[in-house]
Amino acid sequence: MTIEQALRRHPLPRLESRMLLQLAWPGLTHAAIIGYPERELPEPAEAAFQALAARRLAGEPMAYLLGSREFFGRDFRVSPAVLIPRPETEHLVEAALSRRDRSLPASALDLGTGSGIIAVTLALEAPAWQVSAVDVSAEALAVARGNAQALGAAVTFMHGSWYAPLAHPACYELIVSNPPYIESRDRHLDEGDLRFEPRGALTDEADGLACLREIAAGAPARLSAGGWLMVEHGYDQGAAVRALFAAAGLEAVETLPDLAGLDRVTLGRKPS
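With the UniProt record's numbering as the guide, the letters of the sequence shown map in order to residues 1 to 272.
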C-alpha cells in the first residue's frame, strides 16, 4: 500500500490522516507525504496506521492518539488520565499573570492540576514564583510531573483532594483551579471528546458547583492578605460563582469572559 492509498482508505480529514501516518511511521515527514505519495508503506507502519485510524473513526480524541496537545505555546503530554488542554484555560493563566508581578516572589497553588498545564505554565512564565499543585489522581500527577520535568518547570506536586494535603499553616498569594464543573445530567458528557476524558475531572456528579463551593469556602484560610482566588467555570455559572466568592468574604469579585464573550473565569481577593 502506498502513502496515497493509505490516506484515501479512511474518511478522515486529510490533516488528521497525515498526522496519524507520521505517528505510525516514525521519521516520516510532512514534506515526504506531500512529495512522495507513491512511496510504499512498510507493513508495520501500515498496520499501525490502520489501528490508529480505526480508533479515530471511533471518536477517540486526536490529543490522546498523538499523546500531546499545545497550551500557551508549549507541547504538553496528555493521556486518558487527564483532561485535554483547552484554549479557554489560557484565560485563567493570563488572569493570574496579570494580577501578580511575575518578577517578584510569590507562592501559587493549582488545585486539581491534571496534566499540570496551569502550574507548569505559571512556573515558566513567572520563574520568581514558588508554584505548588494538587491532584487527587495519582495517574494525573504522574503526567503532570512528567510535563514539569520535560519543560524544566519547578513545581511541587502533592497528592490529595483540594486543600487536604497542604501543610498547616499554608498561605498563598494566589490560588487557581480548573475544577470539575459540569452538571452530572449534562448531555455533553456523552458526546464528542468528553466521552473519552476522565469523568471525575469533568463533573462533580452533582449540580456542577460542589467543587467550586469547597474551593471558595476553603480559600480565605489559605490565602495571604490581598491574595487572589481564580477559577475556571462553565459559561452559565458566573453569577453562582460570584455569589460563592462573596459568601466566602472575598472582595473585588468579577467574572472575565472568554474570546466568545461567555463567562469563563471568576476571581476575588482576600481583604488586606
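Quick reminder that beta carbons are idealized off the backbone N, C-alpha and C, glycines included.
For this session: Determine which residues share a DSSP beta bridge with E254 and list them.
Result: Checking the DSSP bridge columns, you'll see E254 partnered with L267.
For this session: Using only alpha-carbon positions, find the residue among G160, E205, I118 that is nearest to A154.
Result: Distance check between A154 and each of G160, E205, I118 places I118 closest, using alpha-carbon atoms only.
For this session: Indicate whether the contact test is met: 3 or more Cβ pairs, each with one atom in the stretch 162-179 and one in the stretch 106-114, closer than 8 Å.
Result: Of all C-beta pairs linking the stretch 162-179 to the stretch 106-114, three or more are shorter than 8 Å, placing the two stretches in contact.
Exercise. Nearest CA to the CA of residue 277: which residue from A144, W228, A24?
Worked result: What is shown of the chain runs 1 to 272, which leaves residue 277 out entirely.
Problem set entry | For H30 and E16, the rounded distance between their alpha carbons | Their backbone Cα atoms lie some 12 Å apart in a straight line.
Exercise. Measuring CB to CB, does V265 end up less than 8 Å from A133?
Worked result: When the beta-carbon positions are compared, V265 and A133 stay at least 8 Å from each other.
Problem set entry | Exposure label - P169; buried when at least 16 CB within 10 Å | Answer is exposed; the Cβ neighbour count stays below 16.
Problem set entry | Beta carbon of L267 nearer than 8 Å to that of L209 | At a Cβ-Cβ threshold of 8 Å, L267 and L209 do not count as neighbours.
Problem set entry | Chain-order list of residues whose beta-carbon lies under 7 Å from that of L20 (same chain, five-residue window excluded) | The residues are F49, L52, A53, R56, L65.
Exercise. Hey, is L97 close to the ligand ATP, as in C-beta under 7 Å from one of its heavy atoms?
Worked result: Ligands in the displayed structure: none, and consequently the ligand ATP is not present.
Exercise. Would you call Q237 buried or exposed, if buried means 16 or more other Cβ atoms sit within 10 Å of its Cβ?
Worked result: Q237 should be labelled buried.
Exercise. With a Cβ-Cβ cutoff of 8 Å, do L82 and G114 count as a contact?
Worked result: The displayed chain sequence assigns Val, not Leu, to residue 82. Closer than 8 Å, so yes.
Exercise. Is the beta carbon of F76 less than 8 Å from the beta carbon of R69?
Worked result: In this structure, F76 lies near R69, with their beta-carbon atoms less than 8 Å apart.
Exercise. Can you list, in chain order, the residues of its chain whose CB lies under 6 Å from that of A216, leaving out five sequence neighbours each side?
Worked result: Closer than 6 Å at Cβ, skipping near neighbours: L244, F245, A248.
Exercise. Quick one: what's got a C-beta closer than 8 Å to H159's C-beta in the same chain, skipping five residues either side?
Worked result: Within its own chain, the residues whose Cβ lies closer than 8 Å to the Cβ of H159, once the five positions on either side in sequence are excluded, are V134, D135, V136, A138, L141, P165, listed in chain order.
Exercise. What are the boundary residues of the alpha helix (DSSP H) that S17 is part of?
Worked result: Residues 14-24.
For this session: Just list the beta strand (DSSP E) runs in the stretch 56-87, keeping only unbroken ones of 3 residues or longer that don't cross its boundaries, in chain order.
Result: With a minimum length of 3 residues, the continuous beta strand (DSSP E) runs that stay inside the stretch 56-87 are 68-71, 74-77.
For this session: Starting from A108, trace the beta strand (DSSP E) both ways and give me its first and last residue.
Result: Taken as a continuous stretch (DSSP letters only), the beta strand (DSSP E) holding A108 covers 106-111.
For this session: Keeping to the same chain, check which residues put their C-beta closer than 8 Å to that of R222; ignore five residues upstream and five downstream.
Result: Excluding residues within five positions, the ones whose Cβ falls inside 8 Å are L109, Y163, L166, A170, C171, Y172, I175.
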